[in-house]
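Note that the protein sequences, when read in sequence, are chains A, B, C and D. Position 116 (the first sequence) corresponds to 103 in our numbering; numbering is contiguous. Position 15 (the second sequence) corresponds to 291 in our numbering; numbering is contiguous. Position 21 (the third sequence) corresponds to 2 in our numbering; numbering is contiguous. Position 308 (the fourth sequence) corresponds to 352 in our numbering; numbering is contiguous. The C-beta atom is built at its ideal place from N, Cα and C for all residues, glycine as well.
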Amino acid sequence: MRQGDKKSGDSTIMPNSKNTVTQQSRDKTTGFEPKIVAFCCNWCSYPAADGAGVARLQYPTNIKIVRVMCGGRVTPSFVLKAFELGADGVLVATCHFEDCHYMFGARKAADVHKITERLTAMLGIEKERLKLDWISSAEASKFARVAKEFTETIRKLGPSAIKKSPYATDEIIENE
Amino acid sequence: MPKGALVVGGGVAGVQSALDLANAGFKVFLVERGPCLGGRTSQIHKIFTSMDCTG
Amino acid sequence: MDVGRHPNIEIFANSEVVGVEGEAPDFKVKVRRKSTFVDWDKCTGCGECPTVCPVHVNDEFQLDLSKREAIYRRYPQAVPNKFLIDKKGSPPCRYSCPAGVNAQGYIALISQGKYKEALELERRDNPFPAVCGRVCTHPCESDCKRKDVDEPLAIAQLKRFISDREPQLSPANPALDKEKVAVVGAGPAGLSAAYFLAKRGYRPTVFEATDHPGGLLYWAIPRFRLPEAALMRDLDHIKSWGVEVRTGAALGKDFGIKDLFKQDYKAIFLGLGAAKEKSMGIDGEDLQGVVLCVQFLNKAVHDPQTPVGKRVAVVGGGNSAVDAVRTAVRLGAEEAFIVYRRSRQEMPANEEEIVEAEKEGVKIHYLTNPTKIFGKDGKVTGMECIKMKLGEPDSSGRRKPIPIEGSEFTMNIDMVIMAIGQAADVSFLTKEENFELTRWGTFAVDPDTLQTSIPGIFAGGDAVTGPATVIEAIAAGKEAAESIDRYIRGVDPKENRKKKDDRVRDEDIEIPDDIQIQKRTAMPMLDPEKAKKNFEEVGQGFSDEQARKESNRCLSCAGCSECLECVKVCEPNAIVHEMVDEYVDLDVGSIIVTTGVDYLDPTEASEYGYKRFKNVYTSFEIERIMSEDGPTAGKLPLGKELTEPLSFAFIQCVGSRNMRHDINYCSRICCMNTIKDSLVLKEHYPDANIVVFYIDIRAFGKGFEEFYNRSLEKGVKYIKGKPSKIIEDDQGSLVIHYEDEDGHSNKMLFDAVCLSSALIPSKGCKDLAEVLGVDTDEDGFFKNTEPAIMPLESTKKGILVCGCATGPKDITDSIAEASGAAVKAACFLEGHELPIEKKEIEQVDVSGPPRVGVFVCHCGPNISKVVDVKAVVEYAKTLPDVVFAEDYAFACSETAQHQIQERIAEYKLNRVVVAACTPKTHEISFQDSLTAVGLNPYLFDIANIRNQCSWVHQKEPEKATEKARELVRMSVARVRKLGPLFMKELSVNRDVAIIGAGITGLRCGIDLLQRGYKVKIIEKKEVSGGLVRHLSSIYPSFRAGKDIIEKLIKEFTGAGGELLTSTELVDVTGYVGNFGVKVKRDAKESEFTVGAIVLATGSELYDPAGRLGRDRFPNVITNMELEEKILSGGIEDVKSVAFLQCIGSRGDGNNPGCSRYCCQAAIKEAIYLKERGIDVAILNRGVRVYSKGAERMYRKARELGVLFLPYEGEPEISGTDKAQAVTVPSSDIDADITIPVDLVVLSVGMVPAADSGHLSEVFKVPRGPDKFFLERHSKFGPVETTVEGVFLCGCCQFPQDIGDSISQASAVASKVAALLSRDKITLAPITSTVIEEYCRGCGRCAEVCEFHAIELVEKEKGVFTAKVNEALCKGCGTCVAACPTGAIDLRHFRSEQIEAQLEALFG
Amino acid sequence: MNSKIAKAIRDSKAYLCMECGKCTGTCPVSRYNHGYSPRILVNKAIRSGNHDLLKDKNIWACLTCKLCDERCPAAIEYIDLTLTTRLEAKKIGEGALCSHGGAAQSLMRIMTTPELEQKRLDWIDNDLKTTQQGDVLYFVGCMPYFDILFSDIKVNTLQAARASVKILNKLGITPVVLPQERCCGHDLLWSGDMENFEKLARHNIEEITKSGAKRIVFSCPEGYRTFKIDYPRYFGTHFRVEHITETIARAISNGELKMKNLEKVVTFQDPCRLGRHLRIYDEPRKAITSVPGLQLNEMARSRQRAICCGVSAWMSCSTYSKSIQRARLTEAKETGADLFVLSCPKCEIHFQCAMSDEKAGNDTRIETIQLVTLIADALEDG
């Protein structure tokens, strides 16, 4: 699993990986790089992400993680704020129901998530852009897989429609 | 140097007793035969009934 | 595992206890800390060394199912997170080499293509790689372990390969500044001594009598074996180290020993060699045409036209003889042959040289010895020889040749070359100095130091040993250099002189079972016909691929080959190959033994074909295989594609409960483990059909029965019956033969089988027991004084035993016992608490605008290899409020932390961001270093640019750097919004209230009293003692329940405990450290405060009223009533008794779970009755006896003739006025069984106490689905509840037997002691806080809070405000999500802080 | 002195302030929040009008319910001054503590996105007739989103929308309902976010003109005030706008609506925007009294003296809002009414929230109903 390149300089066996940019990273069609935020809970999905690192499981760089103490802390306002600022995808990753460090946090997260889903659906944001998943701290490989699949889904969906509106905001003169 | 307690074996039981003694304010010497703590439990992937991880 | 960071715990990994003296409470313990060859203070766990380690060995963590490097970390999250090397000793090749050349090392490097490093490593022990690569007698090859597989490795030829391939001199920089040393003789011994002296900085001068250095290497060994160019390469290399060679300077002729000392040479090495050739002393030796071998070779080496006879006979069997005969052939002899007096095995020459000679047409006359040489007019014409036979071996170990009378014969030859060996001739020196000589005329020297009889003069090589191999001479030179160095420095020559490590034990050498046979790579040779025409080198040497192929055959016998590649790549240079074991003495008050268990290797149970068949695994191997980070990442290595669904079988009790393996106990966890594995398998292979062959499914713990039902629902089939054997059919699937439920012998086909092998005492238990002076029981586990009453005390005071060391048990029970042992151990440490130092640190003023410092870490290569750290630092400087940014190689290292502290002062920073690894590893250590300089530790954030960036985006460095910048931007945005937080402290009341005075409550009370805490027990009944009081006897000691209870009560009240009987609990208020307890005793209420509360309310027994003839027949009683009958002696007129098990358990009545105690209790009572001549039958649904000694008791019951009848459904009791018979549908034979009885005993299960609902409200402790109290975490918090400060133990948590309850009682005592030991409880500051102005008092936060930490307070009439009790708040933040107005927020994770991160990321 | 504030002071005639304190006396917020005083804010504006005014947290506490303007002897337009102060304060990064984590504000700002494909028409049952093109448009507002965001307190504001369309259909009108209608921007304007308010306005104006509508009917008073006053003031576009109660009143006067008998005692909450902002007091009452059998008991403080429902623009919801709501609900209960008729989705949400607290006693619990729903139910079918 370890593809670390050669450290000692002079051997010619392995080219230094710094200068080989693989094709996979630049998307052939639109060159669109989705921006995705992941709310990860401190006890389950955040350590799973760390575990993916320890096991060197590669996944795209588009996912950026915001740590919260519990999945139940993520409110509709955070998700809407993310989409408003231009997020292409939002992932909420909490514990499995029986693992939750706070006994019932994961269940609350699921209930709150239903409201958020209905709001984003009504706003016309594609259902696939918002994902709730359950990842325990031992499931590093699941975290990497979810990260990869979610990025691909968003890449196929293309950029989020919610972007700054074209109207210029010059000074408004009031006319009585 | 105040006297401590000796715990022989760094498995899940050893670690637990060491922690309890340390939290009670005593010095603990934890001697483990293997290169690190965890014993058999660290090799276990899932635990029965709750099926959570041994992390 | 935060034990790694706890200040009071000192961890000795890789160590063992080797000696214990003294008695409790003061033991003297000696601990041997095995060397890890890595300095753990320096190692940062960066993981760079395994990437360059060429050696792969079996990985014990993966149960040898996969490989790991020689330098390793057991698993990524190991604590301590350090690397180490296991060295098994010196590999056979290195051990057998006189000079100790690290062959395995340079071969490993060759396999990695690192030829330059390989040569450097080789030259560390032997300066003659080119020479030895060609002419060495390679004793290493004869000892190479590969010879047991196919053929030994071509070690010498590989050595030659690296010396040929790397012609250029490695530029030695000789800073020779030490004393001058004289070396006489430039042979291999002398030059080797000079080389090693130069490497130590001395200035050696070599005096060579002849006009060319090299000794016999130059003068005697023919060029077709050792070309001059090769020799010169080695000589030039030695000279490059500053060795000065003066030729034409003969000792005894041009100068004397005294002259040398006069020219202030501080020491002398005599490497004179053994040039004097021996002659046979037979007639005709002086004829012309008879020449001595070395002189002949000497001439031939310089003059290819040296005259040679037509028919040449060479006398002798050594390398020189073979060289001479092959030289004769090259000089034009038509016929050349060897005459040797012994047989082929005894010939000392290298086997491959003899083969080459024969290929070049040389014939060899074995067992022939010349007796006379004839000549005509002074020239040789013939030679008479005699046939020999071999007798007993002589002193040299070789068989003595004895001439056979009358077997003389003559051969006509025209030249004889005498190659019967040389001798040392040092006589010329004895005149000047009185050297002591051996009887062979060689120098007598001290074997270890090579010191001659004259101080300061050393000798080695052939001049000491007589004619020997090149490598022995080199070795002598090396040893002499060491002795000379010590002599000049005046150090004792022998004291801790590095001897060779002892040889690797054969059983430690790992030869994989599936190793392919791969013959030795043949080195290309010149065609013999062509070769014998000239003096060109015969062997052509290996090509790169050949060398790589050959080097990969190495078995890496010693594991680490000390190739030192890891040393080069370790930045904090933590790797120390010369590290030795260390002994540490500790004085301790008490000892806790938690040595755990091993798994029985089921190979002995050969009928199951473990190791013989590929797909037979043990349950522990399945555990590793099915795990994602296992050897096969969660997939079964079936070795074939699964066409139809997987069929998988489990076989239980392999080894356990089996007299033949004298394992007389139940391993207790395999049933549950198998059930869990069956569920894991169903997850991975949903349509698999899984069968479990079992004797009894023992699912007796909390939630176990439901877990068992879950497996049944998933379609796992359970067949009662133990299979007889397994055979592998031709398609490789496994056929299991077993007796099915209706008694027919049957067989089933499976793809794979898992054997639930028994748990046996871990290796070394026996000798540890001896060292500690404690006994082990018949099964080999540590003996405890009394399994039921004192399970944790060993047979020696002050030594506690717990966990699997006393017998197999699951994690929950082990942890409970561990805590129990901790409190008992603490009793021996009274007065030895560690002082908690308090020092005042002047706080940094953090008001005013944020001034952020950003510190970016390289983490060695781990981050900087992918992320451009410098760019991130520059970028950080551009971020708002960032006043300083810098990068470090290891931010977590001591030095870096100090620098950060200085920067904080220097730039008056009031916010810090560290971009490095995951907060999970170092957040606390960084926070501590902030606190140390007075900066509030919560004005700090870690950007995770390693685990969540560089490690997972290794192929996209630019994008990873971009992401690192974004992560830093988010952290800076968050840190700017962070405010200082302060640890809150709560005063602690040190009294304890225990609810329930059963055996559990009493035991817990006594332990706490011994730890110095005041205890009050509240018991609602008038008489304490719970259920145990009414027991007639408790197995295995069979003491009456009443006496035990009375003893405990006396002990409790004697130690100052307050026992409040017939007292009812009214209400509990307050929180941890300050609980207000209100009780009522005969209508008088009183209240007191305590720091902690223990629930030990036990459970009640199921009342089978109205069932099974309870109401109709007087002689249908419960097992409790039987106990009372036995106590009151009322069982005289009873002839036969039937026990009905599982009444009110396992789904019967409303108790889903197994009540765990009733099987063992029934068997105890059955034995008691049987011994009084009463027939007993136990109708059961599987006998679940699991605890220590219970299996033996079960066997005893069967021996006494107690009947055990499995039954299903509802038994039916019939009779007139009295129960006379029990009929029950039997699952074995499909008819019903009727048993005449005159007493029926119902083993009733345990049900939750009636008032547990009320208690659950009062304490706000939740109850599980089975209505027993719910523990915080089944594995890691078995005796705590979600309410801080409220603990629980005994049957109120789930049905259990007395031994388990006692362990839990002590465990609670330990937890309470830990909680109350500190005078202040510090509360984590990350809790919610309410802005009263914005709170509408809607109560949604209180409703949502699981931990009852929020309550509504009525400030004015009708106006409510939420108030957070920070002692109970766990900081999850779900209340913040529920609050409509944003009045409540979670400190350190405030909404504005999270939104700041979102704005930084997307804005 | 900030030029914008100076102009606002002149326009609102704040300099006439006699410091009589009548405004603070009548202000429902000051009654509970003793730290808030409109008078002091006006003084601060007049005297300095610079940073410390804009940084003053109190400017966000005002409910802009216009009660002070109503009573001010100097007829100062206090809430216009407040609006301008907030617009300026927002520019230097000040802002109020938005309730529900600012979810409502985020929703509205997301709606400024040009190509938005909202799915917001599911509430139109099939017996209601609406169209995409026509001359009468019914402006729904953010009710679909509110019903989701506040689903936990069982709010059903969309009932008013269905009732409005039913009434319009009854009057032979098939109203246009814009599939991509955006929030009118009222809440963003009153929380000082001019930039996004303008974007929403531009989108709405463009959509409405495209639909060809001439007349816009509102059921939400805040939308009505925004279209009637703020759009023309800032964007100069004029649509003929009216509140549904005006439509109903007109229809009743020319006999187009027949009502069934409804024996109920009700009381009416005048929404601040409908009442004091737009002076519409009689039409709703006319509608109510037109229902036979319905008895309207006026609250002590009604019409121009009505007390606000406690929160405006999802900002600064606090213990004071709760006290205002409890008082108002108690007052409604005391009228003996069994139905509390509201005419604004916000009133319904805030009152329902106040009543949903388990600590709220029964003296503050009363069944609420939207006016249009009352009328729609009372219509004689056929």
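Check whether residue i and residue j have beta carbons under 8 Å apart
{"i": "C:LEU198", "j": "C:VAL519", "result": "no"}
{"i": "C:CYS1319", "j": "D:ASP401", "result": "yes"}
{"i": "C:VAL1009", "j": "C:ILE1030", "result": "no"}
{"i": "C:LEU1333", "j": "D:LYS403", "result": "yes"}
{"i": "D:GLN176", "j": "D:SER255", "result": "yes"}
Three-state secondary structure assigned by DSSP to residue i
{"i": "C:ILE136", "result": "helix"}
{"i": "C:ASP284", "result": "coil"}
{"i": "C:LEU1029", "result": "helix"}
{"i": "C:LEU1040", "result": "strand"}
{"i": "C:PHE516", "result": "coil"}
{"i": "C:HIS193", "result": "coil"}
{"i": "C:ASP566", "result": "strand"}
According to DSSP, residues forming a beta bridge with residue i
{"i": "C:GLU225", "result": "C:THR186"}
{"i": "A:TRP121", "result": "A:THR81"}
{"i": "C:PRO1217", "result": "C:ALA1202"}
{"i": "C:LEU1304", "result": "C:LYS965"}
{"i": "C:ASP922", "result": "C:VAL894"}
{"i": "D:HIS287", "result": "D:PHE262"}
{"i": "C:HIS37", "result": "C:GLU50"}
{"i": "C:ASP868", "result": "C:VAL837"}
Under 7 Å from the C-beta of residue i: neighbouring residues of chain A
{"i": "C:GLU686", "result": "None at all; the shortest Cβ gap to chain A is about 17 Å."}
{"i": "D:PRO188", "result": "MET109"}
Under 8 Å by beta carbon: chain A residues contacting residue i
{"i": "C:GLN1378", "result": "VAL53"}
{"i": "C:ARG927", "result": "GLY40"}
Residue i: contacting residues in chain D (beta-carbon distance under 8 Å)
{"i": "A:PRO63", "result": "HIS144, GLY145, ALA147, LEU193"}
### Task
Scan the region 99 to 129 of chain A for residues whose Cβ lies nearer than 7 Å to a Cβ of chain D and list them as they occur along the chain.
ILE102, ARG105, LEU106, ALA108, MET109, LEU110, GLY111
### Task
Taking only beta carbons into account, state which residues of the region 939 to 952 of chain C come closer than 9 Å to chain A, listed in chain order.
GLU939, LYS940, ALA941, GLU943, LYS944, GLU947, LEU948, MET951
### Message
Give me the subset of the region 395 to 413 of chain C whose CB atoms are less than 8 Å from a CB atom of chain B, sorted by chain position.
### Response
none
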